[in-house]
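One structure is given below, encoded as structure tokens.
There are 2 protein chains.
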Amino acid sequence: MDITVIGGTGEEGFGLTLRLAKAGQHVIIGSRYEEKGQTVAGKAREILGGSAEVDGTTNEKAAEQGDLVFVTVPYAGQADIYRAIKDHVAEGKIVVDCTSPLATAVGGRAWQVIRPWHGSAAEQAKSLLNPKVNMVAAFHTISGEQLQDIEHPMESDVMVCGKDPEAKAMVGELIDLIPHLRWVDAGDLTMARIAETMTALLVSVNRSYKIHDAGFRVTGRDSWGRPGA
Amino acid sequence: MDITVIGGTGEEGFGLTLRLAKAGQHVIIGSRYEEKGQTVAGKAREILGGSAEVDGTTNEKAAEQGDLVFVTVPYAGQADIYRAIKDHVAEGKIVVDCTSPLATAVGGRAWQVIRPWHGSAAEQAKSLLNPKVNMVAAFHTISGEQLQDIEHPMESDVMVCGKDPEAKAMVGELIDLIPHLRWVDAGDLTMARIAETMTALLVSVNRSYKIHDAGFRVTGRDSWGRPGA
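One line per chain: the protein sequences are A and B, in this order. Here my numbering is used: the first residue of the first sequence is 1217, the next is one more, and so on. Here my numbering is used: the first residue of the second sequence is 1217, the next is one more, and so on.
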């Protein structure tokens, strides 16, 4: 499968790129500037060595090429990115929005959030794409720093929100490729209204304890993944 | 210490009462009706046996008697309860609000929330009491059912929000009395805007997996408690 990571030059996106490519996936980094995308893809190949398959290109081309598209960009630029790629994302394709509407988007603090008009950043994203794109929201509470530390096992669970159980399960299969990362079906896309804000709560916990890698594990079951599986 | 649990006749409040009394604390259950408070206190003593100290009375008297006051009531009745007790809560007293603004308050679903005018149910509560009352928010994501199952070790962390580190640490000491429960300083009272909504996310997870005791553990440190301690 070809996986696109729009914003793959940023902390979260680069971490996700490394983890997925390390697990044997072909990752296409999307960037506003083709050359930057290519340079960062080269950096990823250098870190991973061997047969890692990472390419870089523009956001538009990356959105077209990937079978599944992650979007990991700051909220301030999120709408513009979606407008730029919207004609390049085919109907039925799965798009995974990873945005948290942190107040930093408007000069506020990273432990505060603003409320997107549509309820969540993911729903805003959905409103900007073809209605037949299959939107999923995930990865809000996963530290980009931890993702990039590729030898370090992850210590968090990914809350996955979306309407379509098949799409969530496909995203879940990719999450399962990352050691110790688990995925939890948190309900439909509107639940991103809550999941997205949990990033800010983790920032606040990090701030209280002067740490930088607080995360959440969901308790109540020994394993999660696809409900009913 | 005398601990008041307003709403101690409900699921969450009764569970908290059992756990704190089991740990040797004197708990005063507050209820709208004195007799109901007394009956439920009797039920708690019966469950705990031995020397458990649980009394029941009206919300007003309970608010006056406790050195520390928990308020565990549904959001629909929260404002009325605070108005009823406000003249009975002395300046400087610690009040721990445990309310989540679930949409059930207005006939909606338990995996949805409504937004209190003040930002969070805890901030709304604060606005109704003497400004010198020391408000803390906690216990939103802790299952009342699990609390009541007193032989079962808890599998969740309590997010504690509030302005005053001393008040949070005092609440934390009580949380530490409950086996396997840990507390995490989540920042100031405004962080309750996020912590309160996480209850609804857990309801959604419970719904996805047809379970009833999903919870959160915070990862990133082996132990939490008072920051810097």
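Yeah, the Cβ is synthetic: ideal placement off N, Cα and C, and Gly gets one too.
Nearest to A/Pro1290 by alpha-carbon distance, out of A/Ile1310, A/Lys1277 and A/Thr1315, is A/Thr1315.
Inclusion of A/Met1351 and A/Val1311 in the CB contact set at 8 Å is warranted, their separation being smaller than that value.
Between the beta-carbon of B/Thr1406 and that of B/Gly1335 there is about 6 Å, and that keeps the pair under the 8 Å contact cut. Spatial neighbours of A/Pro1369 in its own chain (CB-CB distance under 7 Å, excluding positions within 5 residues in sequence) are listed in chain order as Pro1395 and His1396.
At least 8 Å separates the beta-carbon of A/Ala1292 from that of A/Ile1244. Three or more Cβ pairs closer than 8 Å define a contact, and the segment 1258-1269 of chain B meets that threshold against the segment 1227-1241 of chain B.
Scanning its chain for C-beta atoms nearer than 6 Å, with the 5 sequence neighbours on each side dropped, one finds around B/Val1287 the residues Ile1222 and Asp1313, in chain order. Around B/Arg1433, the beta-carbon contacts reaching into chain A at under 9 Å are Phe1432, Arg1433, Val1434 and Thr1435. Counting C-beta pairs with one atom in each stretch, the segment 1432-1441 of chain A and the segment 1430-1439 of chain B have three or more that are closer than 8 Å, which means they touch. Measuring C-alpha to C-alpha distances from A/Pro1317 to each of A/Ala1353, A/Asp1392, A/Val1374 and A/Asp1283 identifies A/Ala1353 as the nearest. B/Arg1248 and A/Asn1422 have their C-alpha atoms spaced approximately 40 Å apart. Residue state for B/Ile1297 is assigned as helix, using DSSP reduced to three classes. If only complete runs of 4 or more residues are kept, the segment 1333-1393 of chain A shows the alpha helix (DSSP H) at 1337-1344, 1360-1364 and 1381-1391, in order along the chain. Close to chain A, meaning a Cβ-Cβ distance shorter than 8 Å, are the following residues of the segment 1351-1375 of chain B: Glu1371, Ser1372 and Met1375.
The continuous stretches of alpha helix (DSSP H) do not include B/Thr1320, and DSSP gives it neither H nor E.
Here DSSP, grouped into helix, strand and coil, assigns B/Ile1244 to strand. Proximity of chain A to B/Trp1327 at the Cβ level (cut-off 8 Å) is accounted for by Gly1403 and Met1407, in chain order.
Contact of B/Arg1235 with chain A is not assigned, every C-beta pair being separated by 8 Å or more. By the neighbour-count criterion, in which a residue is buried when 16 or more other Cβ atoms sit within 10 angstroms of its Cβ, A/Asp1438 is exposed. For A/Ser1267, no chain B residue has a Cβ inside 8 Å of its Cβ, as the nearest lies near 32 Å away. The shortest CA-to-CA distance from A/Ala1300 to any of A/Gly1246, A/Lys1348 and A/Ser1420 is the one to A/Gly1246. One alpha carbon belongs to A/Lys1379, the other to A/Asn1346, and they sit about 15 Å apart. Taking the Cα positions, B/Pro1443 is about 34 Å away from B/Glu1276.
In the structure shown, A/Arg1409 falls within a helical segment according to DSSP collapsed to helix, strand and coil. Across the structure, B/Glu1251 and B/Ala1257 are spaced so that their CA atoms are roughly 10 Å apart. The shortest CA-to-CA distance from A/Pro1381 to any of A/Gly1441, A/Gln1254, A/Ile1297 and A/Thr1225 is the one to A/Gly1441. Partner residues in the beta bridge of A/Leu1284, as assigned by DSSP, are A/Ile1219 and A/Ile1310. Taking all protein chains shown into account, B/Leu1393 has fewer than 16 neighbouring C-beta atoms within 10 Å of its C-beta and is therefore exposed.
When the beta-carbon positions are compared, A/Val1376 and A/Lys1384 come within less than 8 Å of each other.
A/Gly1253 sits in a helix when the DSSP states are folded into three classes.
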